[in-house]
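Novice: In terms of numbering that gives the first Met the number 0, the sequence shown is residues 0 to 599.
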Amino acid sequence: MRTLKVLGIILGCIIVVGVVVGSLTWGILANRGPEPPELKELDWWEHTIIYQIYPRSFKDSDGDGIGDLKGIISELHHFVDAGVGAIWMSPIFVSPMVDFGYDISDFYNIHDEYGTMDDFEELVDKAHNLGIRVLLDYVPNHASNESQYFIRSQAREPGYENYFVWADPVMVNGTRTVPSNWISQFGGTVWEWDEIRQQYYLHQFAKEQIDFNFREPAVRQEMLNIMQFWFEKGVDGFRLDAIPHLFEANPDDYGGVYPDEPLSGNMFLNPNQPGYTTQEYVRDLIELYDVVYEWRDFADKWKQDNNADTKILLAEAYANISMTMLYYGDEQGRLGAHFPFNFDFITSLSSQSTARDFVYVIKRWLTYMPQGEVANWVFGNHDQKRMPSRFRTDMVDGLNALNMMLPGVAITYQGEEIGMRDGFVSWNDTVDVQAINQGNEDNYLEFSRDPARTPYHWDGSANAGFTTGPKTWLPVAADYREINLQAQKAASRSHYKVYQSLTSLRREPALSHGSYFIQALSENTLILVRYLVTHDTYALIFNVGTSRETVDVSNVPYLREPLTVHVSSVHSNRVNGDRIPFGEVSLQAGEALILRAAPV
């Protein structure tokens, strides 16, 4: 009995000790909180910042007033300082420059105004040494009428007869007329009569930009040959220009003729303007996706065969949301572009848009995007009015903040980091073929892309430090002494310094790997929260309206006290480190605050 009592006492002690130890262990684990998540290794492009260079307007090295490759080389450290991961250059190939490089006559060489192949190879080498990837603008839809492709096809040289879209005339009462009523993107008919071949050729842009025939196998193979050539030169990928236009209606499907398009009913357009007809036979045909998927297979195979890093393909795709998402791939598992450009901030939003409009447009892309794919955000490019001119100048920092804080790839058009606005280009100085074809001295600015292409503002010296020569190919914007990189580097607060803070912030795990929450807190103020367990949370509050607004952040999910200002727009009264109450917050028109909060 005594032995049993002793054993009972010992057993009781063990149980008590166990309970105590267990309680202590549970307490320690509970106090420790959740384990940090394992962060997936991202491919180089999946969360990068891509900076679009318009080479003609970036930096001139030889005084001729035209930007060039050596000019880009001389300023590569700008991209390092700005936090950029990749540069994408608008076309630098040999061209008659009717459309400033988008009319290519030799896809395998560098245009002499921009430099030499040696210059290009030096640029790639030095960029890579600085950790900067290099992307080229690839223009597969068409070639210049000065290209050997066209000259040979015009002459019906064997192997080139069907390189382009050729068509016999339609005869009406003995008079030669065009094969269909299709309208060019630059205005007027898509058909141009060729005296040498005695046929019409098709051009969806300028008459000097002849559309390839992508139903011709030799053309498809040549596109792959061009891609391979530049892959071997070290480029890290391509932006694919104008690919919604790769195919037009096949006359074989319409009794051997090119079908006329119905009128769109848009009473504000004249019969020579794009959009006057429905354009249903000249863009977004389903066949084009097969070509994009073919290019992706080629790029992925090249990567595998050469044990190389990923070569990315980015699709320029102005289309409805469903057709746009097909560029990512299809339900059969075929892969397409790494992403189609998201132009919704250009096509769907303006200075008149409310916070609800912004939130809707952002959620729409993220909702339609196929699972597992990467989003991207574009606020401007060489074909559109500059971001501050399309929105408002007091919105620059907030728009750049949205770009950098949303999940995926951020794309910056040359000058957005310093808030460059459209420059004024007179009718006499206008060189854009789109404006010249569709406009006149009174209305040309409705069509001109020149104001978004004026030279970059490096400093406040003559010609904004863009060139040492006396003249620039387009006039420098009049506000260059007010808005330039050198001045913004020297200022205590500037758009450029905000931009640098934002690109640095993108390295935070909450932004690179975290989830998002976005909501309109009022008609004009939105909040975007980026959060990841055990890591600091960051929230952007942005008033897109034209008057002060007060909003309540106390019920915003994933947001916890304390809240401190991490970045603020240049006209804000708050500065880095300021405490923000966990309740009502008042913001001026256009004001943006990025707040740091405790982990969720």
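Cβ atoms here follow ideal geometry from the backbone N, Cα and C, with glycine treated the same way.
Can you tell me whether DSSP reads A591 as helix, strand or coil?
Specialist: strand
Novice: Tell me, to the nearest whole angstrom, how far the beta carbon of A142 is from that of V432; I am working on the premise that it is less than 8 Å.
Specialist: Taking 8 Å as the upper bound for CB-CB distance, A142 and V432 are not in contact here, some 16 Å apart.
Novice: Does H512 come out as helix, strand or coil in the three-state DSSP assignment?
Specialist: coil
Novice: By Cβ distance, which residues of its chain are closer than 6 Å to R673, with the 5 residues on each side in sequence left out?
Specialist: Here the chain has residues from 0 to 599 only, and residue 673 is not among them.
Novice: Quick one: residues in its chain with C-beta nearer than 8 Å to the C-beta of N269, no 5 flanking neighbours on either side, listed in chain order?
Specialist: Y275
Novice: Rank I435, F465, V543, S263 by C-alpha distance to the C-alpha of I182 and give the top, closest one.
Specialist: S263
Novice: Near S567, what residues of its chain come up, given a Cβ to Cβ distance below 6 Å and the 5 sequence neighbours on each side ignored?
Specialist: R573, L592
Novice: Does DSSP put R238 in a helix, a strand or coil?
Specialist: strand
Novice: Would you say the region 465-480 touches the region 418-425, given that touching needs at least three Cβ pairs under 8 Å?
Specialist: Verdict: yes, contact present.
Novice: From A409 to G582, what does the alpha carbon distance come to, in whole angstroms?
Specialist: The alpha-carbon of A409 is positioned some 31 Å away from that of G582.
Novice: Just mark H565 as buried or exposed, buried being the case when its beta carbon has 16 or more other beta carbons within 10 Å.
Specialist: Taking every protein chain shown into account, the CB of H565 has 16 or more other CB atoms within 10 angstroms, so this residue is buried.
Novice: Excluding five sequence neighbours on each side, which residues of the same chain lie with their C-beta closer than 8 Å to the C-beta of M170?
Specialist: These residues qualify, in order along the chain: T176.
Novice: Taking the DSSP output, what are the residues bridged to I182?
Specialist: T188
Novice: Measuring only the C-alpha atoms, how far is F119 from I225?
Specialist: Cα to Cα, the separation comes out at about 16 Å.
Novice: Would you report the Cα separation of Y50 and F228, rounded to the nearest angstrom?
Specialist: 23 Å
Novice: Leaving out five residues before and five after S73 in sequence, what residues of the same chain have Cβ atoms less than 8 Å from its Cβ?
Specialist: K58, S60
Novice: Quick one: give me the first and last residue of the alpha helix (DSSP H) that Q153 is part of.
Specialist: DSSP places Q153 inside the alpha helix (DSSP H), whose first and last residues are 147-153.
Novice: With which residues is S567 paired in a DSSP beta bridge?
Specialist: L592
Novice: In three-state DSSP terms, what is V290?
Specialist: helix
Novice: What is the DSSP secondary structure of F581, counted as helix, strand or coil?
Specialist: coil
Novice: What separation, rounded to the nearest whole angstrom, lies between the Cα atoms of A477 and T453?
Specialist: 10 Å
Novice: Need the endpoints of the beta strand (DSSP E) that S143 sits in, please.
Specialist: 141-143
Novice: By Cβ distance, which residues of its chain are closer than 7 Å to A588, with the 5 residues on each side in sequence left out?
Specialist: D393, N542, G544, T545, S546, R547
Novice: Check L28 in the structure and name its three-state DSSP category.
Specialist: Residue confidence for L28 is low, a pLDDT of 40 falling below 50, so the modelled location carries little weight and cannot support an answer.
Novice: Take G255 as the anchor and find which of V358, Y359, N128, W165 has the nearest alpha-carbon.
Specialist: W165
Novice: Based on the DSSP secondary-structure assignment, which residues constitute the bridge partners of V377?
Specialist: Paired residues: I410.
Novice: For H127, which three-state DSSP category applies?
Specialist: helix
Novice: How is the beta strand (DSSP E) around L610 delimited, first residue to last?
Specialist: Lying before the first or after the last residue shown, residue 610 is absent from the chain, which here runs from 0 to 599.
Novice: Tell me whether the beta-carbon of M403 lies closer than 7 Å to the beta-carbon of L501.
Specialist: Yes, they are a contact pair.
Novice: Less than 7 Å between the beta carbons of N161 and E215, yes or no?
Specialist: yes
Novice: Excluding the 5 residues preceding and the 5 following R505 in the sequence, name in chain order all residues of the same chain whose CB lies nearer than 6 Å to its CB.
Specialist: M403
Novice: When the Cα atoms are used, what is the spatial distance from W87 to Q487?
Specialist: 24 Å
Novice: Assuming W457 and A463 form a contact by the criterion Cβ under 8 Å, report the distance between their Cβ atoms to the nearest whole angstrom.
Specialist: 6 Å
Novice: Would N341 and N380 qualify as a contact pair, given that the criterion is a beta-carbon distance under 7 Å?
Specialist: no
Novice: Quick one: grab the DSSP three-state call for H534.
Specialist: strand
Novice: What does the alpha-carbon distance come out to for the pair I48 and S179?
Specialist: Using only the alpha carbons, I get a separation of about 43 Å.
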